[in-house]
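This report refers to the structure that appears directly beneath it.
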Amino acid sequence: MAIKTTAFGYPKIGPNREMKKAIESYWKNEISKEELYKRLEEVDAERMSKVINANLDYIPSNDFSLYDFVLDVSTMFDVIPSRFRNIEDSLDRYFAMARGTDNAIACEMTKWFDTNYHYIVPEFEGGFKIVKNRPLTSYKWAKEKFGVETKPVLIGPFTYIFLGKVYERQEGSLLMKMIKAPESEKFRPLVLEIASLYNGILLELQREGVKAVQLDEPALVLDLTEEQIQTLIDAYKVVMHDINNLEVFVHTYYESLDNFEKITRELPVSGIGLDFIVNNENLENIKKFGFPTDKKLIAGVISGRDPWKTDYKEVLSLIDEILKYVPEENLILSNAAPLFHLPVSLEPEKGHLDSDLIGLLSFADERLEELKTLKEIINEGKDIPVQTLQDLRDKFKNEKVREAVKDIDNQDIKRPHEFKERYKKQIELLGLPRFPTTTIGSFPQTKEVRQTRAKFRRGEISKEEYDRFIKEQIKKAVEIQEEIGLDVFVHGEFERTDMVEFFGEKMEGFAFTKNGWVQSYGTRCVRPPIIYGDVSRPEPMTVEEIVYAQSLTDKPMKGMLTGPTTILNWSFYRKDIPKKEIAYQIALALREEVLDLEKADIKVIQIDEPAFREGLPLKKRKQKEYLNWA
0 MAIKTTAFGY PKIGPNREMK KAIESYWKNE ISKEELYKRL EEVDAERMSK
50 VINANLDYIP SNDFSLYDFV LDVSTMFDVI PSRFRNIEDS LDRYFAMARG
100 TDNAIACEMT KWFDTNYHYI VPEFEGGFKI VKNRPLTSYK WAKEKFGVET
150 KPVLIGPFTY IFLGKVYERQ EGSLLMKMIK APESEKFRPL VLEIASLYNG
200 ILLELQREGV KAVQLDEPAL VLDLTEEQIQ TLIDAYKVVM HDINNLEVFV
250 HTYYESLDNF EKITRELPVS GIGLDFIVNN ENLENIKKFG FPTDKKLIAG
300 VISGRDPWKT DYKEVLSLID EILKYVPEEN LILSNAAPLF HLPVSLEPEK
350 GHLDSDLIGL LSFADERLEE LKTLKEIINE GKDIPVQTLQ DLRDKFKNEK
400 VREAVKDIDN QDIKRPHEFK ERYKKQIELL GLPRFPTTTI GSFPQTKEVR
450 QTRAKFRRGE ISKEEYDRFI KEQIKKAVEI QEEIGLDVFV HGEFERTDMV
500 EFFGEKMEGF AFTKNGWVQS YGTRCVRPPI IYGDVSRPEP MTVEEIVYAQ
550 SLTDKPMKGM LTGPTTILNW SFYRKDIPKK EIAYQIALAL REEVLDLEKA
600 DIKVIQIDEP AFREGLPLKK RKQKEYLNWA
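Heads up: the sequence shown at position 562 corresponds to 561 in numbering that gives the first Met the number 0, and the numbers run straight through without jumps.
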């Protein structure tokens, strides 16, 4: 008997963001619908080829999307808000739900669990019906095009409803408001109702001869009530009705599974996927409660969320532990979380990133190769690749920074004076009115600003020319604020691209990829910085521009910084030291900048933390610790 492998969530965007380019061309009416579908099929076929070449035993299908996989489920089950029903063309209606129209506000978009991906929130107005069996269509396409059996992947019924919103009448009012589905009395009826449609989908797949299906249920790792857990189990009894020739795997990820014993034993499915990368709690639960002998365990042992190369010896040791409780024939190895959180391939970065850093990294293509290698080591006795990961990490150490972080724990880091006292003195010093006015910070990055920056980066204009242009923009921004009559000014941030990238490029310990794009939502892709070493600030980052801006006005000019938790949460951060320690390293670097701004007589400093809550752990019991250090 040999251990099997699977994978899921391979990036949809294409190696060079072909998906983005095709869809945006369609939105601009530059290509026809037929041409759009043709280009997107090429993207899907290329990604499918890579997954097939990974020698997986369970090849995923139905994991490509034109915008968002949650929106795909909504349109599949006719969850179409009434404001979009007058749009006859199904594709245009699909995009309208995501983006809105002149006459209809887009559906809400929000964060997918604690990741930087965003999904379109389902709105439950009425009932459900199956419009199209998307998993079946995808299965047939893969079989016809590649001649392979696949495992269709779909968001599970519990998670789909859990993530949606319900219209309910406000008490004592004729007005309707939307509330989160789990907070509504309709939650259980909705889950059970849609479960019957999932059963219909699975029955069709079973009749077609499909061997296995994956239902993703990441909501199971959240803090669930006993009633919600019972709803989950009852729903799957409906889902599994008359399913006897189809393996149904329920996948969880992003956190450990609470209520482990009840869910693993009572959920009437063929197998359960658990994340063994996020922490050791799932392993400890297996040691404590065992694992049902009538179910397969899909063990997430390869990371899907961070880009750090897999340590084969560590993973093989983990697998050995799991095999003490789960027989080999019941174990399937997998990535722990969807691979779409990673860039597509490391290949474009060779020659761009430091070669030692390349030796530490692994993107989606490399994750598939790692799974393939693991399988060969275990099943065929292939030699474990020689790895020098710790030696490479040691090259990026900065003992001075580490000592400074250690000292933080020995310091009183609270400010010596209460806010009320500080505020009174600050208002007096600055001569501000009782309710001073200001703006958040960044002025629009006009086409002219973007084009001039691009010319500078291409070497078409000199640094002196670029700096002169930036100063002209700052001067205009100051004049606008003078004319409006604001009390505290900003310089406009014209020299900055992304609010994290700008600071990362000026600090040690950060790297920036050439082509490391990751889908944030729809066609929007981002290139997260990689924090690979100890973080420090070699020289001032913002002082020159702020001091120049202050010289143009008698009004207070704000220093503008991005905060440490936002920089951390919007980056791929290292895993060899605690997240808290990385945050403190960034905070110390920013403190040096604050002190330099203060020395330069800048009296107001704004520190932006839009991602402060994005690092909040999914489980409430873990949130206090994060909030304390953050």
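Glycine included, each C-beta is placed from N, C-alpha and C at the ideal position.
Distance, residue j Cα to residue i Cα
i           : j           : result
residue 521 : residue 66  : 4 Å
residue 200 : residue 239 : 11 Å
residue 307 : residue 569 : 16 Å
residue 53  : residue 340 : 19 Å
residue 488 : residue 464 : 25 Å
residue 491 : residue 474 : 9 Å
residue 382 : residue 376 : 6 Å
residue 559 : residue 12  : 33 Å
residue 462 : residue 500 : 19 Å
residue 328 : residue 575 : 33 Å
residue 578 : residue 530 : 11 Å
residue 524 : residue 170 : 42 Å
residue 223 : residue 242 : 27 Å
residue 514 : residue 16  : 9 Å
residue 25  : residue 47  : 23 Å
residue 49  : residue 6   : 11 Å
residue 193 : residue 246 : 20 Å
residue 407 : residue 265 : 48 Å
residue 412 : residue 496 : 32 Å
residue 333 : residue 115 : 22 Å
Residue(s) in a DSSP beta bridge with residue i
i           : result
residue 57  : 5
residue 334 : 301
residue 518 : 524
residue 193 : BP columns for residue 193 are empty, so no partner.
residue 168 : 175
residue 117 : 110
residue 349 : 352
residue 263 : DSSP, once it has assigned bridges, lists no residue as partnering residue 263.
residue 556 : 488
residue 209 : DSSP, once it has assigned bridges, lists no residue as partnering residue 209.
residue 221 : Answer is none; residue 221 lacks a bridge partner.
residue 250 : 215 and 272
residue 607 : 561
residue 296 : 271 and 330
residue 317 : In DSSP, residue 317 forms no bridge with anything.
Neighbourhood of residue i by C-beta distance below 8 Å, restricted to the same chain and skipping five residues each side
i           : result
residue 396 : 532 and 533
residue 51  : 58, 145 and 147
residue 635 : Outside the shown range of the chain, which is 0 to 629, sits residue 635, and nothing can be said about it.
residue 281 : 255, 256, 259, 273, 274 and 275
residue 614 : 113, 564, 567, 568, 578, 625 and 629
residue 630 : There is simply no residue 630 to check, as the chain begins at 0 and stops at 629 in what is shown.
residue 123 : 78, 160, 163, 164, 165, 166, 180, 185 and 189
residue 335 : 252, 274, 275, 276, 277, 299, 300, 301, 302, 303 and 304
Assumed close pair residue i, residue j - CB separation to whole angstroms, cut-off 8 Å
i           : j           : result
residue 585 : residue 563 : 4 Å
residue 43  : residue 68  : Contact doesn't hold; Cβ gap of about 13 Å is too wide.
residue 493 : residue 480 : Actually they are not in contact, since the Cβ atoms of residue 493 and residue 480 sit about 14 Å apart, beyond 8 Å.
residue 220 : residue 191 : With a Cβ gap of about 22 Å, residue 220 and residue 191 do not count as contacting.
residue 228 : residue 262 : 7 Å
residue 435 : residue 486 : 4 Å
residue 121 : residue 159 : 7 Å
Own chain, CB closer than 6 Å to residue i, minus 5 neighbours either side, in chain order
i           : result
residue 3   : 56 and 331
residue 587 : 403
residue 244 : 205
residue 512 : 348 and 526
residue 476 : 442 and 491
residue 536 : 506, 588 and 591
residue 616 : 622 and 625
Own chain, CB closer than 7 Å to residue i, minus 5 neighbours either side, in chain order
i           : result
residue 289 : 324
residue 196 : 76, 127 and 129
residue 39  : 18, 21 and 65
residue 498 : 561 and 607
residue 131 : 75
residue 358 : 391
residue 394 : 355
residue 141 : 47, 60, 147 and 149
residue 582 : 563, 564, 567, 628 and 629
Distance cut-off 7 Å: residue i Cβ against heavy atoms of the ligand SAM
i           : result
residue 235 : Summarising the ligand content, the structure contains no ligands, and the ligand SAM is consequently not present.
Original post:
Do three or more CB pairs link the stretch 340-356 to the stretch 310-321 at distances below 8 Å?
Top reply: No, the stretch 340-356 does not touch the stretch 310-321.
Can you confirm whether the stretch 213-223 touches the stretch 144-158 when touching is taken to mean that 3 or more C-beta pairs between the two stretches lie within less than 8 Å? Put simply, the stretch 144-158 touches the stretch 213-223. At least three CB pairs are less than 8 Å apart.
For this session: Assess, as a yes-or-no matter, whether the stretch 356-367 is touched by the stretch 545-560 under the definition of 3 or more beta carbon pairs within less than 8 Å.
Result: No: fewer than three Cβ pairs fall under 8 Å.
Note to self: Counting beta carbon pairs with one atom in the stretch 270-281 and one in the stretch 291-309, are three or more of them shorter than 8 Å?
What the structure shows: The stretch 291-309 is in contact with the stretch 270-281.
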